[in-house]
Amino acid sequence: MTTCQGCAMELIARAALEVLGPKTITMTPPSCSAIITGNGDETGWGIPCVQTVLMSLPAFASGVSEALKIQGKNDVKVMGYAGDGGTFDIGFQALSGAIERGHKAIYICCNNEAYMNTGGQRSSATTLGASTKTTPTGKKEVSKNIDFMLLHTPLVYQATASVGDIRDLKRKVAKAAEKDGPCFIHVMSPCPSGWKYPTDQTIEIAKKAIKSGMWLLWERENGKITINRKPTDFDLIPEYLHSQKRFDRIDDEITARIIAEAKSRYATLLKLSELELF
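Following my numbering, the numbering of the sequence shown begins with 5 at its first residue and continues without gaps.
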């Protein structure tokens, strides 16, 4: 089974498994990640994998984690691997429950900002102004800030990452692997077919997002937020937007709102980084 040309999700999966190793059990919901899971011998994982239902991946991960604990197999890692639709929207209730119960598992959200597996419908992760199958004239709402929402949960490790910085991604997966509890890593996963850019520009698009402040890299550990990369210049945001045809319909007003939202989130993150959280 193969992913689309230029797909970031496959790169994220490869990077994660290079760190976690063969003693890992992964599970995916119906999504683009299910293409890797495949069917039987067609799986691309090379490790035990489970295809879950869309809303219940965290519940599956909870059960596998508890079963391994009972069997004394503490060296086997559990990785949930889902998209934004199954994380921000349909699977959020189960994710909240798994975190609250404290199950030992690493949950990786590959955020391509829409339900790309079913044709590119908007999700609550879709950026303001982006054109999708269900918002052809551009999404009217800003994206849900799931990372700030999860600050109020007892995650033992929380981080954002991007294919624009694979070394940082691997470092964060390695940290999560050492933790004894629920971990959440939110990874930017550009999608050529949905975002409408050339397939050889995936890494460049991700790097532009980091530099412009459209994607913030940070982590929360032991009650403290650490900002890993500061935005270079928010004035680079229009260049980032213009590199994707999904933003072809935005005007100056929408662009200004997108820039203001990015600045606001970074300002809030700066303030939070000065605090001792739980």
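From the three backbone atoms N, C-alpha and C, an ideal C-beta is built for every residue, glycine too.
What is the C-beta distance between residue i and residue j, in whole angstroms, given that I count them as a contact (C-beta under 8 angstroms)?
| i | j | result |
| --- | --- | --- |
| lysine 3 | glutamine 125 | Because the chain here runs from 5 to 282, residue 3 falls outside it and cannot be looked at. |
| lysine 200 | glutamate 243 | The pair is not a contact, with the Cβ atoms about 16 angstroms apart (cut-off 8 angstroms). |
| alanine 98 | alanine 63 | 5 angstroms |
| lysine 215 | leucine 281 | Not really, about 27 angstroms apart at Cβ, beyond 8 angstroms. |
| arginine 269 | asparagine 149 | 7 angstroms |
Going by alpha carbons, who is nearest to residue i out of the options?
| i | options | result |
| --- | --- | --- |
| phenylalanine 96 | Ala20, His107 and Cys113 | Cys113 |
| glycine 87 | Ile16, Pro202, Ile263 and Ala63 | Ile16 |
| threonine 157 | Ala63, Ile103 and Met13 | Ile103 |
| glutamate 70 | Ala109, Leu58 and Ala98 | Ala109 |
| arginine 2 | Ser135, Arg261 and Arg233 | Look at the range of the chain in this structure, 5 to 282, and you will see that residue 2 is not part of it. |
| isoleucine 29 | Tyr85, Ala178, Gly168 and Ile74 | Tyr85 |
| methionine 31 | Glu182, Leu58 and Gly25 | Leu58 |
| lysine 81 | Pro52, Gly101, Ile94 and Leu61 | Pro52 |
| glycine 90 | Val167, Gly67, Asn116 and Pro202 | Asn116 |
| asparagine 259 | Tyr270, Lys275, Leu240 and Leu276 | Residue identity differs from the one stated: residue 259 is threonine in this sequence, not asparagine. Minimum Cα distance to threonine 259 is reached at Leu240. |
| threonine 141 | Thr203, Gly133 and Glu14 | Gly133 |
| serine 166 | Val54, Gly217, Leu154 and Gly198 | Gly217 |
| glycine 25 | Gly10, Ile231, Lys174 and Pro196 | Lys174 |
| arginine 233 | Arg171, Val146, Gly101 and Ala181 | Arg171 |
Determine the contact status of residue i and residue j, defining contact as a CB-CB distance below 9 angstroms.
| i | j | result |
| --- | --- | --- |
| phenylalanine 92 | threonine 272 | no |
| histidine 107 | glycine 48 | no |
| threonine 164 | alanine 12 | no |
| alanine 266 | proline 235 | yes |
| phenylalanine 188 | leucine 220 | no |
| arginine 105 | serine 66 | yes |
| glutamate 208 | lysine 179 | no |
| glycine 50 | leucine 72 | no |
| threonine 56 | isoleucine 262 | no |
Just checking residue i against the ligand ATP - is the residue's beta carbon closer than 8 angstroms to any of the ligand's heavy atoms?
| i | result |
| --- | --- |
| lysine 212 | This structure lacks the ligand ATP, and indeed carries no ligand of any kind. |
Buried or exposed for residue i, going by 16 or more other Cβ atoms inside 10 Å?
| i | result |
| --- | --- |
| arginine 18 | exposed |
| threonine 139 | buried |
| histidine 190 | buried |
| alanine 264 | exposed |
Is there a Cβ from chain B that is less than 9 angstroms from the Cβ of residue i?
| i | result |
| --- | --- |
| serine 127 | In summary, chain B is missing from the structure at hand, where a single protein chain is found. |
Tell me, please, whether the stretch 24 to 39 touches the stretch 114 to 122 by the rule of three or more beta-carbon pairs shorter than 8 angstroms.
yes
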